[in-house]
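**Q**
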Amino acid sequence: MTINNTSSLENIALKFATHGPKSNRTQYWFPKSSRTQRAIVPKETLIQGGIIPHLLESGAEEFKSYVTEFSNRKVLQTGYSASLNIMKTEYEHKFCAISDVFNFLMRKRSPELQESVSRLILKSLDSEANENSHFGFAFFFKLVTCSHKTLQILIACNHHLISPFNATRAFRQLANVDKEIILPNSSFIEFIKQVVEDVDPSTHGVIFEMIIELVYSRIDSGGEHKSDLLESSETIGHACVPILEVMMNRLVRIAHATGPLKCPSLHPAISSYSYGERLQFIIESISRHIDTTSLIIRHLHAIAIANGEMKAAEIVLRFLMTMSYRKAEFMCILAAFINSTAKFFPSMVGLMFREFSSLKTLIEQSLPLDANRTQLLINLLNNFRTLLDWEISAPFDRNFFECLKIYPAEHIGSVLNRVLADTSEVVYFLQSKGDKELSIIALRMLSSLLETIRAANSSKGHGRQFLISLSEWYKLLALFSILLKYSLNLVGKEFSDGISVFEELRTNIMIFLHNNHVDMQMRPFVAVFIKFFTNACFVDSKKLFEESCIDSLETLIDENCLNNLLDMSQLEEGPAVLEGLKGLKMKDSALDMLHTGKLKKRRYITMSSLDYKSSSLTEDGKQRIFVVLDSIYDICFSGSLEVQLTNSKQLVAVLLNTVCKNSLTCDMRFDEWEIESDSIHRHVEVDRLMNQSKFCEGILRVLSESRSFAYCIPIMKSKLAVFINETKKFPEAQSCPDSLRTNLRYWIMLAHRGGILPTRLMHICDLEKFATVHETHLILLEVWKFFMHRSLTISAIDTYHSELIRGDVDEGLPNENVAIEKLNLSVFRLIIQNHLPISCSLYPKFFPAEYEFLKLSKVE
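Residues in the sequence shown are numbered from 1 upward in steps of one, following the UniProt record's numbering.
#1: Specify the secondary structure class of Ser706 as computed by DSSP and reduced to three states.
#2: Using 8 Å as the threshold, is the C-beta distance between Met762 and Ile779 below it?
#3: Take the Cβ of Thr258 as the centre, count every other Cβ of all protein chains shown within 10 Å, and call the residue buried at 16 or more, exposed below.
#4: For Arg119, count neighbouring C-beta atoms within 10 Å of its own C-beta (all shown protein chains included) and say buried if the count is 16 or more, exposed if not.
#5: Near Gln431, which residues of its chain fall below 7 Å by C-beta distance, leaving aside the five closest residues on each side in sequence?
#6: Out of Asp738, Thr452, Ser541 and Val526, which has the shortest C-alpha to C-alpha gap to Asn508?
#7: What distance in whole Å lies between the Cβ atoms of Tyr407 and Glu391, which are believed to be in contact at a cut-off of 8 Å?
#8: Leaving out five residues before and five after Tyr325 in sequence, what residues of the same chain have Cβ atoms less than 8 Å from its Cβ?
#9: Grouping DSSP H, G and I as helix and E and B as strand, with all else coil, what is Phe730?
#10: Using a Cβ-Cβ cutoff of less than 8 Å, which residues in the same chain neighbour His301 once the five nearest sequence positions on both sides are dropped?
#11: When the Cα atoms are used, what is the spatial distance from Ile635 to Pro268?
#12: Out of Leu467, Val528, Ala710 and Leu244, point me to the one whose CA is closest to Phe208's CA.
#13: Per DSSP, Gly492 is paired with what?
#14: Measuring only the C-alpha atoms, how far is Ile182 from Ala328?
#15: Between Leu513, Ser631 and Ala771, which has its C-alpha nearest Pro731's C-alpha?
#16: Compute the beta-carbon to beta-carbon distance between Val177 and Ala239, rounded to the nearest angstrom, for a pair I have assumed lies under 8 Å.
#17: Whose C-beta lies closer than 7 Å to the C-beta of Ile189 among residues of the same chain, with five residues either side of it excluded?
#18: Within 10 angstroms of the Cβ of Lys343, are there 16 or more other Cβ atoms? Answer buried if so, exposed if not.
#19: Looking at the structure shown, is Thr772 part of a helix, part of a strand, or coil, going by DSSP?
#20: Using CA coordinates, which residue listed in Leu362, Ser541 and Leu122 is at the minimum distance from Glu277?
#21: Taking the C-alpha atoms as reference points, what is the distance between Pro837 and Ala849?
#22: Taking only three categories from DSSP, how would you classify Ser393?
#23: Please confirm if the segment 523-530 is in contact with the segment 470-478, defined as three or more CB-CB distances below 8 Å between the two stretches.
#24: Here's the rule: buried if 16 or more other CB atoms are within 10 angstroms of the residue's CB, otherwise exposed. What is Thr618?
#25: Would you kindly work out how many angstroms separate the C-alpha atoms of Phe626 and Asp497, rounded to a whole number?
#26: Quick check on DSSP: helix, strand or coil for Val526?
#27: According to DSSP, is Phe188 helix, strand or coil?
#28: Would Gln173 be called buried (16 or more neighbouring beta carbons within 10 Å of its own) or exposed?
#29: With DSSP as the reference, label Val349 as helix, strand or coil.
#30: Per DSSP, which one or two residues make a beta bridge with Ser735?
#31: Given a cut-off of 8 Å on the beta-carbon distance, is the pair Phe502 and Lys436 in contact?
#32: Which residue's Cα is closest to the Cα of Phe846: Ser857, Leu856 and Gln833?
#33: Taking Glu364 as part of the alpha helix (DSSP H), name the residues at either end of that continuous run.
#34: The alpha helix (DSSP H) that contains Arg454, what's its start and end?
#35: Within the same chain, show all residues whose beta-carbon is closer than 6 Å to that of Leu154, passing over the 5 residues directly before and after it, in chain order.
#36: Between Gly308, Arg318 and Asp291, which has its C-alpha nearest residue 887's C-alpha?
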């Protein structure tokens, strides 16, 4: 088909209409009143989309003929002849006319027309696989070169076809056509750069999205050979970088545009990458495309400027969370972004810290569900530390980051608490899965962050204070204790670094809590940390130390199987309760209950679930107990005397609350033994709990070296009551069993070292070697009377501690001499006399004054 060289839209449209299929021939009318704007209004065919396909297919046939004729003439002619130039000019007029008709007809925005054009474009993209097809994409690109309006129409009608995959296929088709046919006077890149400068915002946004995906992402192969397609896409993406630079320049200008009618955040090229996964895609492209780093920074800068200071703060936090901790050099890109944006938003980093929790939740919700939360946390810990390191290492007089408020200042409490809470959650999740390697990395990153925060406060020239509210401070102490407990769980023979991780974290926590940067008003509450940490260890004692102390503390009558009565389902099923009562022997006497503190059980009752005796600890359990007791010892005996007394007092409170569950067992008052023996079962229970828990015994041993051991008198009282009760069970002439003698000596050693038992009574250990059970019973009754006459109370102990803090002379706990004077020392004298001569060496120890008087009498 040949088209005459005319520019009249009427002749061209009629020519295509009359040469189309017979079924599509229709009559068109043209208004005579207007020559500048003539409307071609089809009666039926335009609605059915019949003219556009015929127009484009005929034009594509013409383009194919043009390509063939141009190639043939170019091969035959050595120079650039006039006939070749005339042919190019003639076809240029034809294609411009086709483009004008296409633009004119597509004004109707008919869905049928748009769908028809989409099918033709898709057919043109697929023509590469079909060599017999004449409908190539190069023809559409030729129409675009004739009119930018054609480009806008094609993009507006075919958003769903604009993808990196289709763009790669289109560019490969253009590469197979002589450039002089499509763009005789410029290159493809230069033409596209001109186009993107002139197109409307919607078209600019669509082209921008496609270029971004071509440059930064890998595309789907769409069924083609993957290596060929990837090679083509990489080549095309590299070629599109200059185009992206031009578009980015326009984007930055749009972002900085001002005026009452300007709203840059709504520009399609800005809004499409301002939120969620697409914004994250831009940030993550940094690690894959180092050569385009400047473009990424400018893009993020434009997004931040257009959307405001909060968006800039979000971008900074996204950097900290998603930039891999293994690639610390990429943090310089964050510094470049901050440097370029801080001129407009100088407090954006401070805003990020102020809204830290909300922004972090927003970012986490925008990430895919399968995102690696552990990796995000480790990245945040490391990158946050790096950011603070930059501020610390920079010269104080030229510290750029100081002006940007990199340090969270008054928001440090909420920021640190959120980071610690997330770390606790992640470490718990990792340990529950058995992944202890990553949990070690997370805890070490946290330890380094604490050290850096402390250094940021203590660095010369800063003079900052760790500003935090009391509620945030308590929460911080609780999170420290939980994380330290999780690090304790790493101690074991399978992980050689477990102890070093625990000690490293404990050391940094203690230095952090006791450093000068902590506000003076918060320092008195630091002692709560040991209480939180010890409680956390008690809660997880079964997992950490293979102990079930906490479980058995739910009720004091657990051994009797009577706790089953508290089960409401069994109360409703009356027979179940009766069966439980039948499991008790009816011949139990009050005397048996007095001596044993428990009811006997029938032999046929299953006792596997009721056995609370401590099993033999594993090697890991023993190692953890040693490690945690050593750390508790260091905490209680570090710092000033006031700090030591406060810490040890908090430790005593935890131990008493764990072992002595009610006010009766926590009572420090010693009544007459005849009265106290009526409630022996309470003392038996406390002693049993202490004996079955190596952790509790270890804490008691640590406290025995402190000045606060007197607060442990309720526990020591229960142990002494059990010893007195046990000595009544054996024949009077029999000596004490070895187990009883060992436990008694251990008790005397703890009491003397803790300052509640005088040196004069410590020699009971030597006297007991010769004494019978009955004599031992009498000795222990005198010891009981000593504590009864001494009458130590909490207020008396507090007064003693106040005197120590004031620096008064340490005369020991009060009422010691008064209590000794009220003892019946003749009991010790008679026992010594009963076992002479082997007991003669004990006489000077119990009666030093009488011994000195005898010595003087003998000399005279």
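All residues carry an ideal CB built from backbone N, CA and C; glycine is no exception. These numbers were taken from a predicted model, which means no experiment stands behind them.
**A** So, from the listed chains and residues:
#1: For the purposes of this step, residue 706 is taken as residue 706 along the sequence shown, with counting starting at 1. Coil at Ser706, not helix or strand.
#2: Taking the first residue of the sequence shown as 1, we reach residue 762 at position 762. Taking the first residue of the sequence shown as 1, we reach residue 779 at position 779. Result no, Cβ atoms of Met762 and Ile779 do not sit closer than 8 Å.
#3: By 1-based counting over the sequence shown, the position of residue 258 is 258. Exposed, because fewer than 16 other Cβ atoms sit within 10 Å of the Cβ of Thr258.
#4: Stepping through the sequence shown from its first residue, residue 119 is reached at position 119. Exposed is the call here.
#5: As a first step, residue 431 must be located in the sequence shown, where it is residue number 431. Only Ser439, Tyr486 and Asn489 meet the Cβ criterion.
#6: One-based indexing of the sequence shown puts residue 508 at position 508. Checking every option, the nearest Cα to that of Asn508 belongs to Thr452.
#7: The count along the sequence shown starts at 1 and reaches residue 391 at position 391. The count along the sequence shown starts at 1 and reaches residue 407 at position 407. The Cβ separation is near 6 Å, so the contact holds.
#8: In the sequence shown, counting from the first residue as 1, residue 325 sits at position 325. Counting only Cβ-Cβ distances below 8 Å, and skipping sequence neighbours, we find Ile378, Asn379, Leu381, Asn382, Asn383 and Met445.
#9: Translated into the one-based positions of the sequence shown, residue 730 becomes position 730. Looking at Phe730 - three-state DSSP - the assignment turns out to be coil, as it is neither helix nor strand.
#10: As a first step, residue 301 must be located in the sequence shown, where it is residue number 301. Closer than 8 Å at the Cβ level, and outside the excluded window around His301, lie Val252, Ala255, Phe337, Ser340 and Thr341.
#11: Taking the sequence shown and counting its residues from 1, one reaches residue 635 at position 635. Taking the sequence shown and counting its residues from 1, one reaches residue 268 at position 268. Each residue's alpha carbon lies about 60 Å from the other.
#12: Locating residue 208 in the sequence shown gives position 208, counting from the first residue. The option with the nearest alpha carbon to Phe208 is Leu244.
#13: Here residue 492 refers to the residue found at position 492 when the sequence shown is read from its first residue. According to DSSP, Gly492 bridges with Phe495.
#14: For the purposes of this step, residue 182 is taken as the residue at position 182 of the sequence shown. For the purposes of this step, residue 328 is taken as the residue at position 328 of the sequence shown. Distance between the alpha carbons of Ile182 and Ala328: 47 Å.
#15: Stepping through the sequence shown from its first residue, residue 731 is reached at position 731. Pro731 has its Cα closest to that of Ala771, out of Leu513, Ser631 and Ala771.
#16: Counted from its first residue, the sequence shown places residue 177 at position 177. Counted from its first residue, the sequence shown places residue 239 at position 239. At roughly 16 Å, the Cβ-Cβ gap does not stay under 8 Å, so Val177 and Ala239 are not in contact.
#17: As a first step, residue 189 is located in the sequence shown; it is residue number 189 there, counting from the start. Excluding positions up to five away in sequence, the list reads Ala239, Pro242 and Ile243.
#18: Within the sequence shown, the letter at position 343 stands for residue 343. Lys343 comes out exposed.
#19: If you number the sequence shown from 1, residue 772 lands on position 772. DSSP places Thr772 in strand when its eight states are reduced to three.
#20: The residue labelled residue 277 in the question sits at position 277 within the sequence shown. Cα-wise, what sits closest to Glu277 is Leu362.
#21: Translated into positions along the sequence shown, residue 837 becomes position 837. Translated into positions along the sequence shown, residue 849 becomes position 849. Using only the alpha carbons, I get a separation of about 20 Å.
#22: Residue numbering aside, residue 393 sits at position 393 when the sequence shown is read from its first letter. In the structure shown, Ser393 sits in a helix (DSSP, three-state: H, G or I).
#23: yes
#24: The residue given as residue 618 occupies position 618 in the sequence shown. Its Cβ having fewer than 16 others within 10 Å, Thr618 is exposed.
#25: As a first step, residue 626 is located in the sequence shown; it is residue number 626 there, counting from the start. As a first step, residue 497 is located in the sequence shown; it is residue number 497 there, counting from the start. Their Cα atoms are separated by approximately 16 Å.
#26: Against the sequence shown, residue 526 aligns to sequence position 526. DSSP places Val526 in coil when its eight states are reduced to three.
#27: Walking along the sequence shown from the start, residue 188 turns up at place 188. Helix.
#28: The residue given as residue 173 occupies position 173 in the sequence shown. With 16 or more other Cβ atoms within 10 Å, it is buried.
#29: As a first step, residue 349 is located in the sequence shown; it is residue number 349 there, counting from the start. Helix.
#30: As a working note, residue 735 is residue 735 in the sequence shown. BP columns for Ser735 point to Thr772.
#31: In the sequence shown, the residue the question calls residue 502 occupies position 502. In the sequence shown, the residue the question calls residue 436 occupies position 436. No; because the gap between Cβ atoms is not below 8 Å, this pair is not in contact.
#32: Translated into the one-based positions of the sequence shown, residue 846 becomes position 846. Taking only the C-alpha atoms, the option nearest Phe846 is Gln833.
#33: Here the question's residue 364 lines up with position 364 in the sequence shown. Here the alpha helix (DSSP H) through Glu364 covers Phe356 to Ser366.
#34: Numbered from its first residue, the sequence shown carries residue 454 at position 454. For Arg454, the enclosing alpha helix (DSSP H) begins and ends at Lys436 to Ser458.
#35: Stepping through the sequence shown from its first residue, residue 154 is reached at position 154. Excluding sequence neighbours, Leu154 sits near nothing in its chain.
#36: Nothing in the structure corresponds to residue 887, since the chain is present only between 1 and 860.
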